[in-house]
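Peer 1: Protein chains in written order, with our numbering: chain A, 213 to 326; chain B, 12 to 125. Backbone N, C-alpha and C define an ideal beta-carbon position, used for all residues, glycine too. Because the structure is a prediction, the values reported are computed rather than measured.
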Amino acid sequence: NAGVTQTPKFQVLKTGQSMTLQCAQDMNHNSMYWYRQDPGMGLRLIYYSASEGTTDKGEVPNGYNVSRLNKREFSLRLESAAPSQTSVYFCASSADLILSYGYTFGSGTRLTVV
Amino acid sequence: GNSVTQMEGPVTLSEEAFLTINCTYTATGYPSLFWYVQYPGEGLQLLLKATKADDKGSNKGFEATYRKETTSFHLEKGSVQVSDSAVYFCALSSNSNSGYALNFGKGTSLLVTP
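1) Tell me, please, which residues DSSP counts as bridged to SER279(A).
2) Using 8 angstroms as the limit for Cβ to Cβ distance, is TYR36(B) near chain A?
3) Using a Cβ cut-off of 8 angstroms (strictly closer), state whether MET253(A) contacts chain B.
4) Out of GLN297(A), PHE317(A), LEU323(A), point me to the one whose CA is closest to SER305(A)'s CA.
5) With a Cβ-Cβ cutoff of 8 angstroms, do LEU58(B) and SER96(B) count as a contact?
6) Taking GLY89(B) as the reference, give the member of SER43(B), LEU24(B), PHE45(B), GLU53(B) with the closest Cα.
7) Quick check on VAL123(B): does DSSP put it in helix, strand or coil?
8) Please check if any C-beta of chain A sits within less than 8 angstroms of the C-beta of GLU74(B).
9) To the nearest angstrom, how far is the alpha carbon of SER102(B) from that of GLN56(B)?
10) Is there a C-beta anywhere in chain A that falls below 8 angstroms from the one on LEU149(B)?
11) Could you pull the DSSP bridge partners for PHE317(A) from this structure?
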């Protein structure tokens with residue numbers, strides 16, 4: 213029972229480089245989410261996908277793009293990384309649209325931009 | 012929009028002490044409420060939830076009651092253990108025209124000492 217799998221777990225980028233964070237879930241969930249976690253800020257929603265083929269902006273979408281490749285996979289792309297994007301990134305998925313059951317989270321990707 | 016406010020930490024307690032972590036919310040409609048726990052270096056795990064007023068969520072000795080009259084969802088445990096040391100997040104479901112997401116508080120760090 214893998215749940216939500218994120219890769220990579222750690223990454224160091226130079227300013228201006230690009231990269232894609234991968235997320236896959238094997239629970240047949242329709243909805244998937246990307247959050248970033250910063251000290252003292254809690255978790256902030258970057259983008260989400262309510263269902264396959266749809267994506268929407270969250271609270272802090274600037275500097276990011278997403279792709280819902282299929283029902284299982286939801287990737288987050290940084291086109292030109294900036295030090296302000298240094299953070300821990302979490303992917304999550306949900307079994308139901310109205311979130312009665314909450315989320316299942318991945319273990320996170322710790323990204324440092326130098 | 013919907014939001015939660017939880018007490019600032021860190022909270023330091025001795026083993027077997029009583030724990031309360033306060034959480035209040037602002038919401039339109041009838042959101043579901045959640046407590047998540049994050050152990051060092053890990054992702055967030057669902058601790059408990061409540062989906063309607065007066066519901067009590069419970070798990071692993073932790074409890075929280077959905078109080079609509081006081082817009083609160085305080086987390087309590089009668090006797091904490093060293094293994095309860097973690098960061099605790101209060102969250103509520105929030106909907107927009109595009110779908111639902113969870114809004115998280117900033118987290119409360121708990122340290123339990125022997």
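Peer 2: Taking the geometry as given:
1) Counted from its first residue, the first sequence places residue 279(A) at position 67. Paired residues: SER287(A).
2) Looking up residue 36(B) in the second sequence gives position 25. No - not a single Cβ of chain A is within 8 angstroms of the one on TYR36(B).
3) Within the first sequence, residue 253(A) is the residue found at index 41, counting from 1. Taking Cβ atoms only, chain B reaches closer than 8 angstroms to MET253(A), which makes this a yes.
4) Position 93 of the first sequence, counted from the first residue, corresponds to residue 305(A). Ranking GLN297(A), PHE317(A), LEU323(A) by Cα distance to SER305(A) puts PHE317(A) first.
5) For this step, residue 58(B) is matched to residue 47 along the second sequence. For this step, residue 96(B) is matched to residue 85 along the second sequence. Against a cut-off of 8 angstroms, the Cβ pair of SER96(B) and LEU58(B) comes out as no contact.
6) Mapped onto the second sequence, residue 89(B) falls at position 78. Selected option, being the one with the closest Cα: LEU24(B).
7) Within the second sequence, numbered from 1, the residue matching residue 123(B) stands at position 112. Reduced to three states, the DSSP call for VAL123(B) is strand.
8) Locating residue 74(B) in the second sequence gives position 63, counting from the first residue. No - not a single Cβ of chain A is within 8 angstroms of the one on GLU74(B).
9) Along the second sequence, one-based indexing puts residue 102(B) at 91. Along the second sequence, one-based indexing puts residue 56(B) at 45. It is worth fixing the name first, because residue 102(B) is Ala in this sequence and not Ser. Near 12 angstroms, if we compare the C-alpha coordinates of GLN56(B) and ALA102(B).
10) What the structure shows of chain B is the stretch from 12 to 125, and residue 149(B) is not part of that stretch, so it cannot be assessed.
11) As a position in the first sequence, residue 317(A) is number 105, starting the count at 1. DSSP lists ALA304(A) as partners of PHE317(A).
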